[in-house]
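Residue numbers for the sequence shown follow this note's numbering, so the first one is 75 and each next one is one higher.
Each residue gets a CB set at the ideal place from its N, CA and C atoms; glycine is no exception.
In this text the structure is predicted, and so the values were computed from the model without any measurement.
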Amino acid sequence: MSTAPGGRADRSQARRAKITVRAAEESDLPAVLALHGELNPDDPPLPPASAAVWAAMPDQQGRTVPVAVVGEAVAGTAECIVVPNLTRGGRAVLFAENLVVAAACRRRGVGRRLTGAVVRLGEATGCYEVQLPAADDAYVHTFYFHEACGLTGRAAGFRRSLARPE
């Protein structure tokens, strides 16, 4: 049975397999990169140094990369970081970035499970809030605003994309 996100066996497996969320392991890097490829298909491939970036993540204080696993396949991921804060009574904020579920596993509860794990991580670390920036796509907003995820669109923000160093 295929363990690569997107295959027919993957879709069938997602319908009947248990969904678990756990911290990413070193061996999950190829699956996480494949998911990021679905999220940002126009991004250039990561250079060989990406393995060093991946290896350093567990040592970064407040950094967590949860993965949602369906059967034995990584079907979703997010990148989380807890940031200390001088307001809100000193309670930190959790930022979740790059939350993505494999296309073949969507609408099966994987994203809801992953989002719930991110929220529980924020609660467990004493955060006052979880922030999850999202794409402007309507289906993405519909997912996050759904009561099962418990998120609301309260904040508007501004971003400036920076040029990649040459």
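Distance, Cα to Cα, residue 156 vs residue 169?
Position 82 of the sequence shown, counted from the first residue, corresponds to residue 156. Position 95 of the sequence shown, counted from the first residue, corresponds to residue 169. Between residue 156 and residue 169, the C-alpha separation is close to 6 Å.
Which of the three DSSP states is assigned to residue 99 in this structure?
Counting from 1 along the sequence shown, the entry for residue 99 is found at position 25. Three-state result, residue 99: coil.
Using 8 Å as the Cβ pair cut-off and three pairs as the minimum, do the stretch 93-107 and the stretch 129-144 touch?
Yes: at least three Cβ pairs fall under 8 Å.
Under the rule that 16 or more other beta-carbon atoms within 10 Å means buried, what is residue 182, buried or exposed?
Within the sequence shown, residue 182 is the residue found at index 108, counting from 1. Flag for residue 182 reads buried.
Here's the rule I'm using: 16 or more other beta-carbon atoms within 10 Å means buried, otherwise exposed. How should residue 196 be labelled?
Within the sequence shown, the letter at position 122 stands for residue 196. Its Cβ being crowded by 16 or more others within 10 Å, residue 196 is buried.
Could you say which of 172, 167, 93 and 107 lies nearest to residue 136 if we only look at CA atoms?
Along the sequence shown, read from residue 1 onward, the residue named residue 136 stands at position 62. The residue with the shortest Cα to Cα distance from residue 136 is 167.
Quick one: measure Cβ to Cβ for residue 175 and residue 142, integer angstroms, because I've assumed they're closer than 8 Å.
As a position in the sequence shown, residue 175 is number 101, starting the count at 1. As a position in the sequence shown, residue 142 is number 68, starting the count at 1. Going by Cβ atoms, the distance from residue 175 to residue 142 rounds to 7 Å, so yes, they are a contact pair.
Where DSSP assigns a beta bridge to residue 205, which residues make up the other side?
Within the sequence shown, the letter at position 131 stands for residue 205. Residue 205 pairs with 169.
Report the partner residues of residue 125 according to the DSSP bridge assignment.
Here residue 125 corresponds to residue number 51 of the sequence shown, with the count starting at 1. In the DSSP output, where bridge partners are listed per residue, residue 125 has none listed.
Taking DSSP as the reference, what is the three-state secondary structure of residue 198?
One-based indexing of the sequence shown puts residue 198 at position 124. If DSSP states are grouped into helix, strand and coil, residue 198 belongs with the helices.
Would you tell me roughly how many angstroms separate the C-alpha atoms of residue 153 and residue 162, rounded to the nearest one?
For the purposes of this step, residue 153 is taken as the residue at position 79 of the sequence shown. For the purposes of this step, residue 162 is taken as the residue at position 88 of the sequence shown. Rounded to whole angstroms, residue 153 to residue 162 spans 23 Å at the Cα level.
To the nearest angstrom, how far is the alpha carbon of residue 121 from that of residue 178?
Here the question's residue 121 lines up with position 47 in the sequence shown. Here the question's residue 178 lines up with position 104 in the sequence shown. Approximately 27 Å, taken between the alpha carbons.
For residue 154, which beta-bridge partners are listed by DSSP?
Position 80 of the sequence shown, counted from the start, is the residue given in the question as residue 154. DSSP, once it has assigned bridges, lists 138 and 170 as partnering residue 154.
Determine the DSSP secondary structure at residue 91, reduced to helix, strand or coil.
Position 17 of the sequence shown, counted from the first residue, corresponds to residue 91. Of the three classes helix, strand and coil, the one that applies to residue 91 here is coil, per DSSP.
Return the Cβ separation of residue 187 and residue 93 in integer angstroms, given the expectation that the two are a contact with Cβ distance under 8 Å.
Counting from 1 along the sequence shown, the entry for residue 187 is found at position 113. Counting from 1 along the sequence shown, the entry for residue 93 is found at position 19. Yes, they are in contact, since the Cβ atoms of residue 187 and residue 93 sit about 5 Å apart, within 8 Å.
Going by the CB atoms, is the gap between residue 95 and residue 191 shorter than 7 Å?
Looking up residue 191 in the sequence shown gives position 117. Looking up residue 95 in the sequence shown gives position 21. Closer than 7 Å, so yes.
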